[in-house]
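Residue numbers (UniProt numbering), protein chains in the order written: chain A, 1 to 505; chain B, 1 to 332.
For each residue, glycine too, the CB sits at the ideal point set by N, CA and C.
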Amino acid sequence: MTAVLEVKDLTKRFRGVVALDGVSFEVRPHEVVGLIGENGAGKSTLLKVLTGIYQPDAGVVLRNGEPVTFRNSSDAARAGIGMVHQEQSLVTSVSVAENILLGAEGDAVRFGFYNWPKLNAVAQRQLDKIASAISPTTIVEKLSFAERQLVELAKAMYVEEGAQVEPVIILDEPTSVLEGAELETLFAQIDRLRQIASVIFVSHRLEEVLRVSDRVYVLKDGRSVGETDAASADIDLLHRLMVGRESSAQFYHEDEQLPVDEAPVKLQVKNLTRAGQFEDVSFDVRAGEVVGIAGVIGSGREELSRVLFGAEPSTSGSIVVDGKPVKFASPVDAVSSGFGYIPAERRIEGIADGLSVAENIFLVAPQTAAWGPFRNPKKALEIAGAWIKRLRIRTPDERTNVGNLSGGNQQKVVLAKWLNSPELEVLILDHPTRGLDVGAKEDVYIFVREQCAKGMAVVLLADSLEETIALSHTILVMRDGRIERRFDAPAGSKPKPVDLVERMV
Amino acid sequence: MTHPPTVDERRLSPRVRRLIADAGPLVALIVLIVVFAVANPVFVSPGNIGILLSQAAVPLVIATGLTFVILLGGIDLSIEGVVATSSLVFALTVANDRNDLALGLFGALLAVLAGSVFGLANGLANVKLGIPSFMATLGLGAVGIGIATVLFAGRSPRVLDSGMRMLGQGSTLGIANIFLIAVLVLVIGWFVQRFTRLGRYGYVIGGDEAVARLSGVRVGRYKIGAFVLGGTASGIAGVLLGSQLGVGMPTIGSGTMFTAITAVVLGGTLLTGGRGGVLRSFVGVLIIVVLANGLILIGVNPYAQVAVQGLVIIAAVVATGWRLRTRVRIIK
Chain A
1 MTAVLEVKDL TKRFRGVVAL DGVSFEVRPH EVVGLIGENG AGKSTLLKVL TGIYQPDAGV
61 VLRNGEPVTF RNSSDAARAG IGMVHQEQSL VTSVSVAENI LLGAEGDAVR FGFYNWPKLN
121 AVAQRQLDKI ASAISPTTIV EKLSFAERQL VELAKAMYVE EGAQVEPVII LDEPTSVLEG
181 AELETLFAQI DRLRQIASVI FVSHRLEEVL RVSDRVYVLK DGRSVGETDA ASADIDLLHR
241 LMVGRESSAQ FYHEDEQLPV DEAPVKLQVK NLTRAGQFED VSFDVRAGEV VGIAGVIGSG
301 REELSRVLFG AEPSTSGSIV VDGKPVKFAS PVDAVSSGFG YIPAERRIEG IADGLSVAEN
361 IFLVAPQTAA WGPFRNPKKA LEIAGAWIKR LRIRTPDERT NVGNLSGGNQ QKVVLAKWLN
421 SPELEVLILD HPTRGLDVGA KEDVYIFVRE QCAKGMAVVL LADSLEETIA LSHTILVMRD
481 GRIERRFDAP AGSKPKPVDL VERMV
Chain B
1 MTHPPTVDER RLSPRVRRLI ADAGPLVALI VLIVVFAVAN PVFVSPGNIG ILLSQAAVPL
61 VIATGLTFVI LLGGIDLSIE GVVATSSLVF ALTVANDRND LALGLFGALL AVLAGSVFGL
121 ANGLANVKLG IPSFMATLGL GAVGIGIATV LFAGRSPRVL DSGMRMLGQG STLGIANIFL
181 IAVLVLVIGW FVQRFTRLGR YGYVIGGDEA VARLSGVRVG RYKIGAFVLG GTASGIAGVL
241 LGSQLGVGMP TIGSGTMFTA ITAVVLGGTL LTGGRGGVLR SFVGVLIIVV LANGLILIGV
301 NPYAQVAVQG LVIIAAVVAT GWRLRTRVRI IK
């Protein structure tokens with residue numbers, strides 16, 4: 001049987017850095033192929049070559065046995081390769097139909113004029129393929145995150161129309177922002193997709209890769225280092241292949257979780273309410289404690305974290321730090337009270353793109369490298385260099401633009417930025433490992449543990465339930481804007497994900 | 001299972017709030033009209049309404065074109081220069097007291113075309129040379145004033161073509177021609193925005209340019225297209241003003257840019273692009289015209305009026321944009 005897509009010895013270099021070093025793999029008809037690898041392993045580059053955004057330096061891509069060259073994304077679409085991007089790629093100010101057909105409207109736009117009924121009908125056809133009830137005329141900004149992902153999927157399915165062949169659909173980290181029921185919906189979608197297409201599934205959640213894939217390829221340092229049937233693989237094996245070091249069963253470093261019953265209460269939240277978002281939320285965080293907050297989208301936990309950091313005002317209730325009530329009118333107040341915030345929207349709220357790694361590290365506490373009001377560039381570079389070493393930030397040097405780093409390394413810069421502040425006492429982690437690979441995640445976990453040992457109080461909104469459970473001392477489950485249930489999660493006797501899910505939905 | 005009452009509010013309120021915000025400028029317009037009508041009944045007399053409509057015409061034409069540029073997240077600061085050049089091209093190519101040309105309607109079209117050429121230059125400077133639209137259009141606006149000054153040569157050419165003067169001064173069925181032309185421009189603008197790729201891609205590019213590029217949209221073309229629409233509209237405005245005043249001069253467009261930009265923003269088109277539209281700008285234009293006219297009728301000191309107008313506009317923008325202030329965001 002001919003592979004629907006085959007990649008042979010693909011190589012891509014960027015100014016001397018080898019991103020892809022002779023990658024080969026194939027996708028067979030109606031197969032779900034898992035693709036895993038650490039940050040910098042070459043996954044993104046490979047996907048960009050497959051969708052025509054980059055051109056390879058060497059190697060060939062075969063589509064149904066025929067060699068193909070993609071000069072741009074339209075070429076790839078014409079060959080029936082569709083992609084659901086990791087960072088959502090919908091234009092929120094226009095309709096679902098316009099997004100699905102964007103750039104390839106075909107007959108629906110003649111001589112520059114829109115035929116709306118036709119446009120909507122074609123879009124409806126794509127939505128029907130994935131059995132979605134979303135209306136093509138809806139403006140995307142009115143949709144939830146999970147609904148938008150379905151629109152992305154419908155958009156990817158649209159390549160089928162232009163190509164007249166069974167499509168290959170690439171899902172780039174589709175699960176990284178989904179939880180619980182939304183995940184199940186996605187898996188059902190992939191099963192449906194398998195009937196009409198072949199699928200490449202890229203995810204950093206190994207359990208999920210194994211669950212949905214038929215075969216799995218492991219990428220490391222720009223090569224495929226392993227190929228295995230999902231049925232006969234296990235997580236430890238994949239771990240070892242990917243990371244290149246022994247996988248620790250203690251991925252979350254649970255044994256480093258210290259008891260905090262005796263520690264003083266650092267942060268008290270009393271009856272905190274933001275009208276329409278959450279209400280009457282009360283909890284304590286002790287020094288060295290991680291309080292994990294679980295909840296589905298709409299539970300109010302995201303809003304809670306933003307209010308805690310002063311990014312949005314509360315309607316009533318109070319926040320008490322070290323026994324003293326505080327009032328945050330803005331994040332500036334929160335920072336001066338010793339709060340730090342690691343945002344989920346890293347690219348927008350976490351890093352200052354265009355500034356160097358070193359400049360980003362000193363955004364919060366510039367006084368740590370200064371002569372009075374002046375910068376001390378030599379000291380700044382020294383301290384930045386120390387952080388780069390300590391957090392193992394992969395960057396050519398301190399002066400590199402932070403925007404050029406991979407996601408995991410950007411996140412480490414954000415961590416360094418806060419940790420560099422001597423006043424930091426409370427850390428709010430809003431999806432700190434979103435989009436990070438296994439290795440970078442583990443680094444984040446080690447850091448959470450280290451900071452706790454030093455007495456940091458941590459509020460955590462984690463990416464997955466496993467992460468919430470493993471990292472937290474105490475878990476609060478939020479639903480419809482209220483705390484539904486509080487779980488103790490001491491090391492060794494943690495609650496099960498199913499216990500939490502029951503309270504979440 | 002008891003759900004807190006906030007649930008329903010939360011699900012509904014964003015939609016309701018968006019509706020209110022969408023309708024905000026229209027509500028503001030109605031309130032202004034009612035207030036002025038009560039304060040001085042002359043405000044709603046047929047005579048005054050006629051004045052209002054003809055005052056709205058030129059700003060409406062300019063704001064319609066400008067909306068396309070602002071939807072992209074760009075700005076057009078060349079308006080007054082383009083209007084000036086266009087008015088002089090118009091005055092010097094129709095029957096006039098300076099030369100023997102008498103091209104009539106063809107002269108008017110040449111003047112509009114001059115506007116389009118400026119728009120094209122704005123677009124090329126922005127897209128091909130990579131100059132921010134703020135700087136590119138500011139520069140080309142000065143070029144427009146310069147060309148107009150050269151053509152002006154110290155004395156205003158007077159328009160002698162009576163047909164062409166009717167464009168700006170005559171009326172049809174009791175409605176000023178100038179307003180009818182403006183409404184025609186608005187309708188064309190609305191059609192372009194709703195039914196053409198140029199219009200739709202304006203929303204896409206203004207909403208997320210990176211996504212547009214990745215989807216294979218030739219972004220540069222559509223940007224240039226939007227600037228051409230903006231320049232053309234300014235060209236039309238130059239013809240209308242030249243026809244109305246019967247002369248061409250470099251300062252003929254003074255103040256039109258302030259009115260047009262505020263009208264677009266007041267109407268609810270975001271300066272960051274992606275959201276808004278020409279009909280909203282129409283509402284914005286009416287608010288400004290009603291305000292200027294109403295303030296005179298209720299007896300605000302004419303010398304203080306510009307300042308009062310400015311303050312009211314800032315208040316209106318704050319009122320319509322207040323809901324966007326809850327999140328941390330950067331205002332450049």
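| Item | Value |
| --- | --- |
| Give me, in chain order, the residues of the same chain whose beta-carbon lies closer than 8 Å to that of Gly273 (chain B); leave out the 5 immediate sequence neighbours on both sides. | Ile70, Leu71, Leu72, Gly73, Gly74, Ile205, Gly206, Gly207 |
| Name the chain A residues that come within less than 9 Å of Tyr203 (chain B), Cβ to Cβ? | Val91, Ser93, Val94, Glu98 |
| Tell me the DSSP secondary structure of Phe283 (chain A) in three-state form. | strand |
| Could you list which residues in chain B have their beta carbon closer than 9 Å to that of Asn72 (chain A), in chain order? | Gly216 |
| Inspect the beta-carbon positions of Val402 (chain A) and Val414 (chain A) and report whether they are closer than 7 Å. | no |
| Starting from the Cα of Phe68 (chain B), find the closest Cα among B:Ile261, B:Val290, B:Ala307, B:Val306 and give me that residue. | B:Ile261 |
| Run the CB neighbour count on Met164 (chain B), radius 10 Å, all protein chains shown included, and call it buried at 16 or more, exposed below. | buried |
| DSSP three-state label for Asp488 (chain A), please. | strand |
| Taking the alpha-carbon positions, what's the Ala489 (chain A) to Cys452 (chain A) distance? | 15 Å |
| Going straight from the alpha carbon of Ile178 (chain B) to that of Leu105 (chain B), what length do you get? | 15 Å |
| Does the segment 78 to 90 of chain B come close enough to the segment 248 to 267 of chain B to have 3 or more Cβ pairs within less than 8 Å? | yes |
| Roughly how many angstroms lie between the CA atoms of Asp397 (chain A) and Gly439 (chain A), to the nearest whole one? | 21 Å |
| Using only CA atoms, which one of A:Lys266, A:Asp172, A:Ile428 lies nearest to Ile36 (chain A)? | A:Asp172 |
| Answer with yes or no whether the minimum CB distance from Gly338 (chain A) to chain B is below 7 Å. | no |
| Let me know the secondary structure DSSP gives Met166 (chain B) once reduced to three states. | helix |
| Touching or not, the segment 297 to 312 of chain A and the segment 271 to 283 of chain A, by the rule of three or more beta carbon pairs under 8 Å? | yes |
| Quick one: does Leu186 (chain A) have its CB under 7 Å from some CB of chain B? | no |
| Please list, in chain order, the chain B residues whose beta carbon lies closer than 8 Å to that of Val168 (chain A). | The contacting residues do not exist; Val168 (chain A) stays about 18 Å from chain B at best. |
| If you pair each beta-carbon of the segment 93 to 101 of chain A with each one of the segment 61 to 79 of chain A, do three or more pairs fall below 8 Å? | no |
| Can you give me the Cβ contacts of Phe25 (chain A) inside the same chain, cut-off strictly under 6 Å, excluding the 5 residues immediately before and after it? | Val7, Tyr217, Ser224 |
| Could you name the residues of chain B that Phe487 (chain A) contacts, counting a contact when the two beta carbons are closer than 7 Å? | Per Cβ cutoff of 7 Å: no residues; Phe487 (chain A) is ~19 Å from chain B at best. |
| Name the residue from A:Ala311, A:Val321, A:Thr138 whose alpha carbon lies nearest to the alpha carbon of Ser330 (chain A). | A:Ala311 |
| In chain order, which alpha helix (DSSP H) runs of at least 4 residues are fully inside the segment 59 to 100 of chain B? | 79 to 93 |
| For Ser316 (chain A), write down the residues that DSSP places opposite it in a beta bridge. | A:Thr273 |
| Select from A:Met456, A:Phe328, A:Ser305 the residue whose C-alpha is nearest the C-alpha of Asp430 (chain A). | A:Ser305 |
| I think Arg28 (chain A) touches Ala19 (chain A), with their Cβ atoms under 8 Å apart; what is that distance to the nearest whole Å? | Arg28 (chain A) to Ala19 (chain A), Cβ: 26 Å. No contact. |
| Quick check on Phe43 (chain B): does DSSP put it in helix, strand or coil? | helix |
| Residues in its own chain within less than 8 Å of Ser356 (chain A) by CB, not counting five upstream and five downstream? | Glu398, Arg399, Thr400, Asn401, Val402 |
| Does any residue of chain B have a CB that is nearer than 7 Å to the CB of Tyr445 (chain A)? | no |
| How about Gly65 (chain A): is its C-beta nearer than 7 Å to some C-beta of chain E? | Looking for chain E here will not work: the only protein chains present are A and B. |
| Do Val285 (chain B) and Pro59 (chain B) have their C-beta atoms closer together than 7 Å? | yes |
| Contact check, Val192 (chain B) vs Leu198 (chain B) under 8 Å by CB: the rounded distance? | 6 Å |
| Quick one, are the C-beta atoms of Ile134 (chain A) and Glu147 (chain A) less than 7 Å apart? | yes |
| Starting from Leu47 (chain A), find everything on chain B with Cβ-Cβ shorter than 9 Å and list it in chain order. | The contacting residues do not exist; Leu47 (chain A) stays about 12 Å from chain B at best. |
| Determine whether the Cβ of Phe113 (chain A) lies closer than 7 Å to any Cβ atom of chain B. | yes |
| Are any of the Cβ atoms in chain B nearer than 7 Å to that of Gly403 (chain A)? | no |
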